[in-house]
Structure formats: structure tokens, C-alpha cells
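*Asks:* Under the numbering used here, the first residue of the sequence shown carries the number 3, and numbering increases by one thereafter.
My questions all concern the structure below.
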Amino acid sequence: MPLFLTANGLYSKHTMAQFLSLLPQVKTGLTACIITTADIQYKNKSKHAVRTKDLFYAIGFAKVDYVDLDTDPANLLLNYDVVHINGGNPLYLLARVKDSGAHEILAFMLSEGKLVSGQSAGAAIFGSTIQHADILHPEWNETLLTEFSGLGVLRAAILPHSNRYRTASYETVVKKAMEEITDPILFLGDGEYIILP
């Protein structure tokens, strides 16, 4: 199954319909986990984690769990049919995904046909770099990350919520980011999604 990336989740009917098209017709017995690591403050209490869990149960998943790479071993991901990576701080998330070894497990799962989806920061880490996140929001770099290589599934930097950066001050910073990083930037607005086979 492919990689499904979205800026603001599976909440719109159109986005959910596309997500559902990637799942088997019969969902009986399907399991999913939601990686909550990126939301440093709220984790599994974040409104997006709770809402996504409710959505998964509503569409017929038999089991939906939260996984936090700060406390749970990354190999837990192998127990699920679908892995959804929630949003939050992309710099922190990328550091934890790499440090925990989850990047290798996610690559393996994709190669085995499991569905992986990412929302916001969970989408951004699949690009070639997240350096743009450090340029746009230097205050997010709590871990003092200096190596910004993403997971590289897409050969571009992914900027979720790009429609929110359409103010004069942010456009200046986005232009600066485009000048400083060598990779192209893929603008992923709210309500948009990308499906990578």
C-alpha cells in the first residue's frame, strides 16, 4: 500500500474518501496505531490524535492504539496494518523517528505493502529535508537538531499548511527558506493530500 500524506488530517470527506480507497473493502480485523510523539505537550490527549482514533473506529478498524516513540519501542509499529503519524513539532518528530529506529521500520512496512499516513509534521518528515521548518520556526528546534535530512521518500521538502503562510511576513520567510535549501519545496495546503505508491 502507498504512503498517504496530508496537511491537516483525514477530516474532509474528500480526503477521507481517498484514504478509504487505499484500504481493503472489508476492514474487519484491521488494526492501526497513531504515533503521537510530535505533539510534545499533549501526546495522545491532543485533539487530532483523539479525533483520528475516533475516525478510525468509525470506519471499521477493530483496534486503534497510540504509540509514543519517546516511551514505546519502534518495533511495536510492526503489529499494525496502518500506521498514522500525527502532527506537532516536525524537528522533534524527525529526531525521535531516527533515534528510535522507526525510520527503518516505516521503510520496511511500506515495502511490505502496509499503509502509512502522515499528517502535518507526520507528512513533513517524509520529504528530503525539514530544514525549512527550522528556518520558518527556529523556536521549534528544542533538540538543537543540526542535521535536517528527512526520510527522503519524496525528493522535495514538504511544507504542510502552506496556505497559512500567505501573509507578507511569512512569504518573506518562505522565500528565504526556498533560497537556503537546495531541494524544491512541495506546498501542501490544508485539505490537500499526496499519495505516493
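No residue lacks a Cβ here, since even glycine has one placed at the ideal position from N, Cα and C.
Predicted model only: the values in this text are computed from it and were never measured.
(1) Suppose only complete runs of 3+ residues qualify. What are the beta strand (DSSP E) ranges in the region 77 to 105, listed by chain order?
(2) State the start and end residues of the unbroken beta strand (DSSP E) segment that holds G120.
(3) Whole-angstrom Cβ separation of Q39 and L71, contact assumed at under 8 Å?
(4) Could you say which of G154, D83 and L96 lies nearest to V66 if we only look at CA atoms?
(5) With DSSP as the reference, identify every bridge partner of K65, one or two as the case may be.
(6) Between the Cα of L81 and the Cα atoms of L117, R98 and Y94, which residue gives the shortest distance?
(7) What is the rounded straight-line gap between the Cα of I197 and the Cα of L190?
(8) Starting from the Cα of I42, find the closest Cα among N88, K29, L25 and A9 and give me that residue.
(9) Of the residues T174, E182 and L96, which one's Cα is nearest the Cα of W142?
*Replies:* Answer, in terms of the structure:
(1) 84 to 87
(2) As a first step, residue 120 must be located in the sequence shown, where it is residue number 118. Note, G120: beta strand (DSSP E), L117 to Q121.
(3) Here the question's residue 39 lines up with position 37 in the sequence shown. Here the question's residue 71 lines up with position 69 in the sequence shown. In the sequence as presented, Gln is not what sits at residue 39; that position holds Thr. Contact flag correct, Cβ pair sits at about 4 Å.
(4) Taking the sequence shown and counting its residues from 1, one reaches residue 66 at position 64. It is D83 whose Cα lies nearest to the Cα of V66.
(5) Position 63 of the sequence shown holds residue 65. Beta-bridge pairing links K65 to T33.
(6) Taking the first residue of the sequence shown as position 1, residue 81 is located at position 79. What sits at residue 81 in the sequence shown is Asn, not Leu. The shortest C-alpha separation from N81 is found at L117.
(7) Counted from its first residue, the sequence shown places residue 197 at position 195. Counted from its first residue, the sequence shown places residue 190 at position 188. Their Cα atoms are separated by approximately 12 Å.
(8) The count along the sequence shown starts at 1 and reaches residue 42 at position 40. Of the candidates N88, K29, L25 and A9, the one whose C-alpha sits nearest the C-alpha of I42 is N88.
(9) Translated into positions along the sequence shown, residue 142 becomes position 140. That would be L96, whose Cα lies nearest to the Cα of W142.
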